[in-house]
Ligand SMILES: [Zn+2]
């Protein structure tokens, strides 16, 4: 039972890609997360990483053949 739970948790963690709210702030604007830090010093890199991951996933999904 605990093994199943571990697997489930792992899957959730991998699938969970939280996209930043759109539109994204400018580099020198305050970050959308409310930290009071400029976007470029806060979530800019993380957002770019997340968005590229999401794009990869979408492309992979679009390219994969439909089975069944
Ligand atoms: Zn932030």
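Residue numbers (this note's numbering): -14 to 53.
Think of the CB as a built atom: it goes at the ideal place given N, C-alpha and C, for glycine as much as any other residue.
N- and C-terminal bounds of the alpha helix (DSSP H) containing residue i
i	result
residue 29	29 to 48
Coarse secondary structure for residue i, derived from DSSP in three states
i	result
residue 15	strand
Cβ shell of residue i (< 6 Å), same chain only, five flanking positions each side left out
i	result
residue 5	32
residue -12	none
Residues near residue i by beta carbon distance below 8 Å, same chain, minus five either side
i	result
residue 23	12, 13, 14, 15, 16
Contact set for residue i: own chain, Cβ-Cβ below 7 Å, skip 5 residues either direction
i	result
residue 8	none
residue 39	2, 4
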